[in-house]
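Worksheet: the structure to be examined is printed underneath.
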Amino acid sequence: DQQVKQNSPSLSVQEGRISILNCDYTNSMFDYFLWYKKYPAEGPTFLISISSIKDKNEDGRFTVFLNKSAKHLSLHIVPSQPGDSAVYFCAATYSGAGSYQLTFGKGTKLSVIP
Amino acid sequence: DSGVTQTPKHLITATGQRVTLRCSPRSGDLSVYWYQQSLDQGLQFLIQYYNGEERAKGNILERFSAQQFPDLHSELNLSSLELGDSALYFCASSARGDTIYFGEGSWLTVV
Numbered sequence: 001d002q003q004v005k006q007n008s009p010s011l012s013v014q015e016g017r018i019s020i021l022n023c024d025y026t027n028s029m030f031d032y033f034l035w036y037k038k039y040p041a042e043g044p045t046f047l048i049s050i051s052s053i054k055d056k057n058e059d060g061r062f063t064v065f066l067n068k069s070a071k072h073l074s075l076h077i078v079p080s081q082p083g084d085s086a087v088y089f090c091a092a093t094y095s096g097a098g099s100y101q102l103t104f105g106k107g108t109k110l111s112v113i114p
Numbered sequence: 001d002s003g004v005t006q007t008p009k010h011l012i013t014a015t016g017q018r019v020t021l022r023c024s025p026r027s028g029d030l031s032v033y034w035y036q037q038s039l040d041q042g043l044q045f046l047i048q049y050y051n052g053e054e055r056a057k058g059n060i061l062e063r064f065s066a067q068q069f070p071d072l073h074s075e076l077n078l079s080s081l082e083l084g085d086s087a088l089y090f091c092a093s094s095a096r097g098d099t100i101y102f103g104e105g106s107w108l109t110v111v
């Protein structure tokens, strides 16, 4: 049973436009969510996170939105740049775990077209 | 560069063999995590160590084991290897209250 789902395996966006990557989760105990970016042959790189006490967190061009009632989060990238082309993973954990036992989605491959 | 170092980067071995993957965490990080990324399963949490002690276990097979040494480096031992064990194995580390940072991974191919 997949507790974290990224239903779009891929997404193509024009440079300068907004990229929206979506993630759904089923485990109500999850209270901390993270987005990672991964280039080929590299490890995942932390992008941005959000705690369940918030519904929005911004860091530069990246904004994560959390809708707890819908168990849905999204990552917005504005404006999108060709260097943003990578696989994006959504991950979740819960503070009761006492550690970063992250449950990952399967990723969405973002292609930003110049 | 995340500061997490993994060796070897690539490894090819035969079924039934045993391999050891090594990880050096970021300086000062006490927690080490192992994750497995396979084509169909995505990134899966295997095990966590904190300051030498096992802290949490995920989907780790009995044929796999890990340990964290006094200098905080960690090793993941994979034995009786099967074709299905072919995957990218990531180590990650974290400091208390911080997020986790991943190494570049060790590609294991079992033939």
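Residue numbers (the numbering used here), protein chains in the order written: chain A, 1 to 114; chain B, 1 to 111. Glycine included, every Cβ here is placed at the ideal spot set by N, Cα and C.
### Query
Where does the unbroken beta strand (DSSP E) through B/Ala-20 begin, and where does it stop?
Sequence inspection shows Thr at residue 20 of chain B; the Ala mentioned does not correspond to that position. Looking at the DSSP string, the run of the beta strand (DSSP E) that includes B/Thr-20 is 19-24.
### is_contact[A/Gln-3, chain B] using C-beta, thresh 8 Å
Chain B has no Cβ within less than 8 Å of the Cβ of A/Gln-3.
### Short CB-CB distance (under 8 Å) between A/Lys-106 and chain B
yes
### Task
For the stretch 76-93 of chain A and the stretch 2-14 of chain B, state whether three or more C-beta atom pairs, one from each stretch, are separated by less than 8 Å.
no
### Complete runs of the alpha helix (DSSP H) confined to the stretch 46-87 of chain B [at least 4 residues]
none
#### Entry: Segments of 4+ residues assigned as alpha helix (DSSP H) that fall wholly inside the stretch 84-111 of chain A
Qualifying alpha helix (DSSP H) stretches: none in this window.
### Message
Is there a Cβ of chain B sitting closer than 8 Å to that of A/Gln-14, yes or no?
### Response
no
### Task
Could you confirm whether any beta carbon from chain B is found closer than 8 Å to the beta carbon of A/Tyr-49?
According to the sequence provided, residue 49 of chain A is Ser. The question's Tyr does not apply to it. Closer than 8 Å: yes.
### Message
Rounded to the nearest angstrom, what separates B/Ser-86 and B/Ser-38 at their Cα positions?
### Response
7 Å
### Query
Using 8 Å as the threshold, is the stretch 89-102 of chain B in touch with the stretch 37-53 of chain A, meaning 3 or more CB pairs across them?
Cβ pair count under 8 Å is three or more, so yes.
### Residues, ordered as in the chain, of the stretch 84-104 of chain B that lie near chain A by beta-carbon distance below 7 Å
Phe-90, Ser-94, Thr-99, Ile-100, Tyr-101, Phe-102, Gly-103, Glu-104
### Query
In chain B, which residues lie with their C-beta within 7 Å of the C-beta of A/Gly-83?
Chain B residues near A/Gly-83: none, gap ~17 Å exceeds 7 Å.
### Query
CB-CB under 6 Å to B/Arg-22, same chain, minus the five flanking residues each way: which ones, in chain order?
Thr-7, Glu-75
### Task
Establish whether the CB of B/Gln-48 and some CB of chain A are separated by less than 8 Å.
yes
#### Entry: Burial state of A/Asp-55, where buried means 16 or more other Cβ atoms lie within 10 Å
exposed
### Message
So that I know if they touch, is there some Cβ in chain A lying closer than 8 Å to that of B/Phe-45?
### Response
yes
### Task
Identify the continuous beta strand (DSSP E) that holds A/Thr-63 and give its terminal residues.
62-67
### Task
Compare the C-beta of B/Ala-66 against all C-beta atoms of chain A and say whether one is closer than 8 Å.
No, B/Ala-66 does not count as interfacial toward chain A.
### Query
Whose C-alpha, out of A/Leu-102, A/Asn-22, A/Gly-16, is nearest the C-alpha of A/Asp-31?
Selected option, being the one with the closest Cα: A/Leu-102.
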